[in-house]
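**Q**
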Amino acid sequence: MRLLTGIQPSGDLHIGNYFGSIKPMIDAQDENEIFAFIANYHAMTTINDGEKLAHLTMQAATDFLALGMDTDKSTFWVQSDVKETLELYWILSSFTPTGLLERAHSYKDKVAHGFATNHSLFSYPVLMAADILLFSPDIIPVGKDQIQHVEIARDIAIKFNNRYGDILKIPTYKVDENVATVPGIDGQKMSKSYNNTINIFGEQKLQLKKIKKIITQDIALEKPKEYENCNVYNIAKLFLNEQECLDLQNRYKKGGEGHGHFKLYLADVIWEYYKPFRERKIYYQAHQDEVRDILHVGAIKAKEAAQEMIQKVRQATGIAY
Ligand code: ADP
Ligand code: TRP
Numbered sequence: 245m246r247l248l249t250g251i252q253p254s255g256d257l258h259i260g261n262y263f264g265s266i267k268p269m270i271d272a273q274d275e276n277e278i279f280a281f282i283a284n285y286h287a288m289t290t291i292n293d294g295e296k297l298a299h300l301t302m303q304a305a306t307d308f309l310a311l312g313m314d315t316d317k318s319t320f321w322v323q324s325d326v327k328e329t330l331e332l333y334w335i336l337s338s339f340t341p342t343g344l345l346e347r348a349h350s351y352k353d354k355v356a357h358g359f360a361t362n363h364s365l366f367s368y369p370v371l372m373a374a375d376i377l378l379f380s381p382d383i384i385p386v387g388k389d390q391i392q393h394v395e396i397a398r399d400i401a402i403k404f405n406n407r408y409g410d411i412l413k414i415p416t417y418k419v420d421e422n423v424a425t426v427p428g429i430d431g432q433k434m435s436k437s438y439n440n441t442i443n444i445f446g447e448q449k450l451q452l453k454k455i456k457k458i459i460t461q462d463i464a465l466e467k468p469k470e471y472e473n474c475n476v477y478n479i480a481k482l483f484l485n486e487q488e489c490l491d492l493q494n495r496y497k498k499g500g501e502g503h504g505h506f507k508l509y510l511a512d513v514i515w516e517y518y519k520p521f522r523e524r525k526i527y528y529q530a531h532q533d534e535v536r537d538i539l540h541v542g543a544i545k546a547k548e549a550a551q552e553m554i555q556k557v558r559q560a561t562g563i564a565y
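So, in structure tokens, the structure goes:
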């Protein structure tokens, strides 16, 4: 099956991003055809600093390669390297009722929070529709916040097809209910906006400092402790196999150790888990030209895949004359 996903280049990745979206995508590469791109045009709705956007784009590429994006199996590119997306975006605009965009939650939220809105923020779902429809994916794996955007893409595709025939593949999303919401150091959902994250590639000392701040119950050292609702345990279990989970549960039940001990253990577990990824990141950071080459090859593959659809759309609409 062909799975398509867009990655916002938004800075340091945390373990919520990893277990919530990156790992499922990396794991899916063995059995599916993955199309993944860095959504740098989309990022312009929030980043208006050229150096910063270029830097974040390369950082996202470096991080995803380090975390296991396999470009032999998958197609991985930067959105702006495939200009056919912009062409389709414009063509689809004529099939997008303004009311459809006015109803988009993400746009309405920004308005409600008093952001100075602009056209790119408003038309963001049309660009996302073009990202999707250009590649006819079978499934778009999404978090709940993106469902409405895929529904808008469906509506646009249906309108287009009603006019020109069965050309665009009507997109289907999938929310993976098995993916856990990773708690942050305060027990709320881990998120950059709550400042409660543990980063994947943080410095060891900073990572330990963050982990020591995880909120836990205050119970005397010698007493048994509950693991079920403990933030330390709930983060640790993501990294542990069944036996290691049982061993940790027993340490909680036995008493004689405090949450401080479990935090040190968690810090070690996380550090070890990401060791091979860290090493790959160091390699790619030292070889940024190689990363650019990989992205360039990805863009060629993506452009090839886009040709069939864009030609059909040009023919149908009369843009090809
Ligand atoms: P943040 O909330 O830190 O800004 P994003 O909204 O950029 O994170 O999330 C990027 C991806 O990571 C999304 O697919 C989202 O579903 C996933 N994700 C983010 N935080 C978590 C979490 N705490 N648990 C599970 N998945 C998460
Ligand atoms: N809007 C998505 C997000 O904020 C990123 C994205 C852009 C995307 N284009 C896409 C996701 C196409 C899936 C398909 O996370």
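The opening residue of the sequence shown carries number 245 in my numbering; numbering runs sequentially from there.
We treat Cβ as the ideally placed atom computed from N, Cα and C, and that holds for glycine.
1) At a cut of 8 Å, does the segment 532 to 548 reach the segment 306 to 324 through at least three beta carbon pairs?
2) Straight-line CA distance for E472 to N478?
3) Checking the sheet assignment: what are the DSSP bridge partners for P385?
4) Can you tell me which of I455, F308, H349 and L452 puts its alpha carbon nearest to the alpha carbon of R522?
5) What did DSSP end up calling F483 once you bin it into helix, strand or coil?
6) Locate the beta strand (DSSP E) running through F279, then write down its first and last residues.
7) Quick check: what's the CA-CA separation for L484 versus L510?
8) Does the beta-carbon distance from V557 to L332 come in below 8 Å?
9) Roughly how far, in whole angstroms, is the beta-carbon of T361 from the beta-carbon of K354, given that I think they are within contact range, below 8 Å?
10) Given 7 Å as the limit, tell me if K267 has its C-beta closer than that to any heavy atom belonging to ligand 1.
11) State the DSSP-derived secondary structure class of I411, mapped to helix, strand or coil.
12) Looking at C-alpha atoms only, which residue of S265, K449, A305 and H258 is the closest neighbour of Y527?
13) Between which residues of its own chain and I391 is the CB-CB distance below 8 Å, once the five residues before and five after are set aside?
14) Here's the rule: buried if 16 or more other CB atoms are within 10 angstroms of the residue's CB, otherwise exposed. What is D462?
15) Quick check: what's the CA-CA separation for L330 versus A374?
16) Less than 8 Å between C-beta atoms, sequence neighbours within five positions excluded: which residues of the same chain meet that for K498?
17) Could you tell me how far apart the beta carbons of S364 and M288 are, in whole angstroms, since I believe they sit closer than 8 Å?
18) Considering only their Cβ atoms, is the gap separating V394 from I384 smaller than 8 Å?
19) Report the rounded CA-to-CA distance for R398 versus A530, giving the unit in angstroms.
20) Can you list, in chain order, the residues of its chain with a C-beta nearer than 6 Å to that of D382? Leave out the 5 residues immediately preceding and following it.
21) Determine the direct distance from the alpha carbon of I563 to that of I291, and round the result to whole angstroms.
22) To the nearest whole angstrom, what separates the beta carbons of I411 and I259, a pair I think is in contact under 8 Å?
23) Is it true that the CB of E328 sits closer than 8 Å to the CB of A550?
24) Determine the extent of the alpha helix (DSSP H) in which G329 is found, giving its start and end residues.
25) I need the straight-line Cα distance from P253 to N261, nearest angstrom please.
26) Quick one: what's K433 bridged to in DSSP?
**A** Walking through what the data contain:
1) yes
2) Position 228 of the sequence shown, counted from the start, is the residue given in the question as residue 472. Position 234 of the sequence shown, counted from the start, is the residue given in the question as residue 478. Looking at the two C-alpha atoms, the distance is approximately 7 Å.
3) For the purposes of this step, residue 385 is taken as the residue at position 141 of the sequence shown. K418.
4) On the sequence shown, position 278 is the one that residue 522 refers to. Residue F308 is the option with its Cα nearest to R522.
5) Locating residue 483 in the sequence shown gives position 239, where the first residue counts as 1. Coil at F483, not helix or strand.
6) Here residue 279 refers to the residue found at position 35 of the sequence shown. Where F279 is concerned, the enclosing beta strand (DSSP E) stretches over E277 to I282.
7) Here residue 484 refers to the residue found at position 240 when the sequence shown is read from its first residue. Here residue 510 refers to the residue found at position 266 when the sequence shown is read from its first residue. So the alpha carbons of these two residues sit roughly 10 Å apart.
8) For the purposes of this step, residue 557 is identified with residue 313 of the sequence shown, where counting begins at 1. For the purposes of this step, residue 332 is identified with residue 88 of the sequence shown, where counting begins at 1. Contact flag set, yes.
9) Working through the sequence shown from its first residue, we reach residue 361 at position 117. Working through the sequence shown from its first residue, we reach residue 354 at position 110. Sure, about 6 Å apart at Cβ, within 8 Å.
10) Within the sequence shown, the letter at position 23 stands for residue 267. It does not: the Cβ of K267 is nowhere closer than 7 Å to a heavy atom of ligand 1.
11) Taking the sequence shown and counting its residues from 1, one reaches residue 411 at position 167. Here I411 sits in coil by DSSP.
12) Position 283 of the sequence shown holds residue 527. The residue with the shortest Cα to Cα distance from Y527 is A305.
13) For this step, residue 391 is matched to residue 147 along the sequence shown. The residues are Y417 and V419.
14) Counting from 1 along the sequence shown, the entry for residue 462 is found at position 218. D462 comes out exposed.
15) Walking along the sequence shown from the start, residue 330 turns up at place 86. Walking along the sequence shown from the start, residue 374 turns up at place 130. Cα to Cα, the separation comes out at about 8 Å.
16) Counting from one through the sequence shown, the residue named residue 498 turns up at place 254. Within the same chain, K498 has close Cβ partners P468.
17) What you label residue 364 is simply residue 120 of the sequence shown in a count that begins at 1. What you label residue 288 is simply residue 44 of the sequence shown in a count that begins at 1. The Cβ separation is near 6 Å, so the contact holds.
18) Looking up residue 384 in the sequence shown gives position 140. Looking up residue 394 in the sequence shown gives position 150. Against a cut-off of 8 Å, the Cβ pair of V394 and I384 comes out as a contact.
19) In the sequence shown, counting from the first residue as 1, residue 398 sits at position 154. In the sequence shown, counting from the first residue as 1, residue 530 sits at position 286. Between R398 and A530, the C-alpha separation is close to 42 Å.
20) Here residue 382 is taken as the residue at index 138 of the sequence shown, counted from 1. Closer than 6 Å at Cβ, skipping near neighbours: M245 and R246.
21) Taking the first residue of the sequence shown as 1, we reach residue 291 at position 47. Taking the first residue of the sequence shown as 1, we reach residue 563 at position 319. Straight-line Cα distance between these residues: approximately 32 Å.
22) Mapped onto the sequence shown, residue 411 falls at position 167. Mapped onto the sequence shown, residue 259 falls at position 15. Going by Cβ atoms, the distance from I411 to I259 rounds to 41 Å, so no, they are not a contact pair.
23) Residue 550 sits at position 306 when you count from the first residue of the sequence shown. Residue 328 sits at position 84 when you count from the first residue of the sequence shown. Result yes, Cβ atoms of A550 and E328 sit closer than 8 Å.
24) Position 85 of the sequence shown holds residue 329. Rather than Gly, the amino acid found at residue 329 in this sequence is Thr. Unbroken alpha helix (DSSP H) run through T329: E328 to S337.
25) Position 9 of the sequence shown holds residue 253. Position 17 of the sequence shown holds residue 261. Taking the straight line from one Cα to the other gives about 12 Å.
26) Numbered from 1 along the sequence shown, position 189 holds the residue referred to as residue 433. For K433, which the question treats as bridged, DSSP gives the partners P427.
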